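Its first residue numbered 595, the sequence shown is counted upward by one per residue in the working numbering. We put the beta carbon where it would ideally sit given N, CA and C, even for glycine. A quick note: this is a predicted structure, and the numbers were derived from the prediction, not measured. Structure first, then comments.
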Amino acid sequence: MLDYAKELHLGIADFVSIGNKADVSVNDLLAYWHEAPRTKVIALYLESFGNPRMFARLAPEVARDRPIVAVKSGRSAAGTRAASSHSAALASLDVGIDALFAQTGVIRTTTLEEMFDVAALLSSQPVPAGRRIGVVTNAGGPGILLADACEAHDLTLPALAPATAEALRAFLPREASIGNPVDMIASAPPEHYERAIQLVGNDPGIDAIVAIYVPPLVTQPEPVAAAIARAAGTLPGDKPIATVFLSSKGTPEVLSSGPRGAIPSYSFPENAALALGAAARYAAWRSRPRGTPLRLEPEREQAVRACIRAWREASPTTRWLTFSELAQLLAIAGVPVVEHRAARDPEAAVAAARELGFPVALKASVPRLVHKTDVGGVALRLGDPAAVVAAAVAMRARFANLEGYLVQRQVRPGVEAMVGMTKDASLGPLLVAGIGGVAVELYKDVSFRVTPVSDRDAADMIDGLRGRALFDGFRGAPPADRDALISVIQRISALIEIVPEMIELDLNPIIVHTPGEGCIAVDGRLRLALD
């Protein structure tokens, strides 16, 4: 690895192998390197954390000062465990590590090569102010490959400013493409590289530059590299530059010590895009405001613990709570829950429906039944006593182990979300939030975070969903109350922190109404270890 770092002109301040971490841990090294003035970037190969909670507290403090790039091995699963809830089924072996790194600002790479590629950029260049990339090349193909790779890493190649395009046309041949990428064609001499990089790099709509060089027969890489190094010295100090030299001779030495200092060079366009994408994500994380986890009020905490003690005394075993018990706990924590009544038989269900007011929803109370809708365990929008009786009788015939019914006030439609919790063997509780409903395990459009979850983390969980447009108003539908859902995520996180007995939790669906109208949980399951 040291030889590879040297090839990339990547200086090594410290190289530490800590073996089985008997006396020095990764957390010890992070604390040391946080204070080390020569350390610009921290690169880690991790097999385990030792104390992941300490890592979760320490890493973001370090990452706000200098980047942390990490390879975490152990992605593959030796086996899968049976999952009895949505949250457990959605959590893959590696999702907790991704969540931890996303929260703490650690840049995760898949391979050691990627780790060095990212470190080479971050150790020599400023972090980009945005995701807008300008590309200068002497060959169309590599420019297109870079554009595709940039899109895969959430980078954009915007159109150049009219003044920039006009200045480029003044000296480039007619055959050149004055777009982005700027394709100067194969005959581009060093002076064209120098001038084009200066113009594109000073375009106000560009945040970072990539110069690609494919060696034709008539030019050599060294003069082009020298021109790139000179041009880099004229760029604004907050704009990084990277190069791609598709040359069998490797990276020209002149790129290691120009007016701008070392300029990272990559063998292929995809490597440069990956490094810039990682740098842009890191810059966005570092610039965001620090979040604050919610803590329940002391009286709420005391009431929660009183419930847990009472349930343990009544039944000291691991079990699923009834919906009424779960609703009691959620109400104490400040999570809105649909008004409901438990009923033993169809007649009691009708009485409960009259008390709640029609229309109502009727649900079968069946032990260990997760997907009620799939097997006819849910009847919605029942508008009169006859409809309630018919649905209750049908459920009684369908389920031999029916214990009763849950009658709920029918909730008006909204965006269906889910919030839940499962436990990671290494990291402890993982909070999950995403698009809910009956297809939650089909779409798997969810985000995970390690608890405690801050308000910023909760907002990021929603923003990271593929279906986040549903909360903004999709195809004419009204927007949803994001703030209310963020509050629920935070309150569930706070509840997890004070109930270590919690094993699995599902709140699905949570109906999110329009802004200002809140959200409400209409179904859920919670398993507690009370033994």
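So for residue i, helix, strand or coil by DSSP?
i            : result
residue 1107 : coil
residue 641  : coil
residue 792  : helix
residue 1129 : No information on residue 1129 is available, as it lies outside the stretch 595 to 1125 that the chain covers here.
residue 755  : coil
residue 1017 : strand
residue 1086 : helix
residue 818  : helix
residue 875  : helix
residue 656  : helix
residue 1002 : strand
residue 765  : coil
residue 1060 : coil
residue 700  : coil
residue 1129 : The first residue shown for the chain is 595 and the last is 1125, placing residue 1129 beyond what the model contains.
residue 676  : Note on residue 676: pLDDT 42, under 50, position unreliable in the model; no value is reported.
residue 778  : coil
residue 1102 : strand
residue 650  : helix
residue 683  : With a pLDDT of 47 at residue 683, under the threshold of 50, the modelled position of this residue cannot be trusted, and the question is left open.
residue 849  : helix
Short of 6 angstroms in beta carbon distance, which residues of its chain neighbour residue i, apart from the five on each side in sequence? Order them along the chain.
i            : result
residue 997  : 959
residue 865  : 711
residue 614  : none
residue 1011 : 1030, 1079, 1104, 1106
residue 639  : 665
residue 816  : 846
residue 1121 : 914, 1097, 1098
residue 1087 : 1025, 1045, 1046, 1047
residue 754  : 774, 797
Leaving out five residues before and five after residue i in sequence, what residues of the same chain have Cβ atoms less than 7 angstroms from its Cβ?
i            : result
residue 911  : 1124, 1125
residue 1055 : 1027, 1041, 1043, 1083
residue 818  : 784, 787, 807
residue 737  : 729, 731, 775, 777, 806
residue 603  : 850, 856
residue 1109 : 1073, 1075
Between residue i and residue j, what straight-line distance do the alpha-carbon atoms span, to the nearest angstrom?
i            : j            : result
residue 820  : residue 849  : 7 angstroms
residue 1068 : residue 1106 : 14 angstroms
residue 863  : residue 691  : 28 angstroms
residue 826  : residue 847  : 15 angstroms
residue 954  : residue 1116 : 12 angstroms
residue 1013 : residue 1085 : 11 angstroms
residue 930  : residue 966  : 22 angstroms
residue 747  : residue 660  : 21 angstroms
residue 1018 : residue 722  : 34 angstroms
residue 920  : residue 943  : 20 angstroms
residue 834  : residue 851  : 15 angstroms
residue 611  : residue 643  : 14 angstroms
residue 903  : residue 992  : 36 angstroms
residue 646  : residue 831  : 36 angstroms
residue 733  : residue 779  : 6 angstroms
residue 787  : residue 649  : 45 angstroms
residue 678  : residue 1016 : Low confidence applies to residue 678: its pLDDT is 47, below 50, so where it sits in the model is not reliable enough to give any reading.
residue 909  : residue 936  : 20 angstroms
residue 964  : residue 999  : 15 angstroms
residue 1070 : residue 776  : 39 angstroms
residue 752  : residue 1009 : 34 angstroms
residue 888  : residue 634  : 33 angstroms
residue 796  : residue 829  : 6 angstroms
residue 809  : residue 595  : 28 angstroms
Give me, in chain order, the residues of the same chain whose beta-carbon lies closer than 8 angstroms to that of residue i; leave out the 5 immediate sequence neighbours on both sides.
i            : result
residue 898  : 890, 923, 926, 927, 1089, 1092, 1093
residue 769  : 779
residue 1064 : 1009, 1029, 1071, 1074
Taking the alpha carbon of residue i as the point to measure from, which residue in the options has its own alpha carbon closest?
i            : options             : result
residue 1029 : 1101, 1044, 987     : 1101
residue 971  : 989, 641, 701       : 989
residue 941  : 727, 867, 982, 618  : 982
residue 607  : 729, 1052, 623      : 623
residue 915  : 1002, 1096, 797     : 1096
residue 979  : 1112, 948, 968, 871 : 948
residue 871  : 701, 766, 985       : 701
Is the closest heavy atom of the ligand PLP to the C-beta of residue i under 7 angstroms?
i            : result
residue 1026 : This structure lacks the ligand PLP; in fact it carries no ligand of any kind.
Under 8 angstroms, with one C-beta from each stretch per pair, do the stretch 692-702 and the stretch 875-885 reach the 3-pair mark? yes
- Task: May I ask you to verify whether the stretch 656-667 touches the stretch 619-633, counting CB pairs closer than 8 angstroms and requiring at least 3?
- Result: yes
Report task. Evaluate the contact criterion for the stretch 802-811 versus the stretch 834-842: three or more CB pairs, one atom per stretch, below 8 angstroms. Result -> yes
key: contact_flag[the stretch 1032-1049, the stretch 699-718] where n(CB pairs < 8 angstroms) is 3 or more   = no
Is the stretch 741-750 touching the stretch 788-800, taking contact as three or more C-beta pairs under 8 angstroms? no
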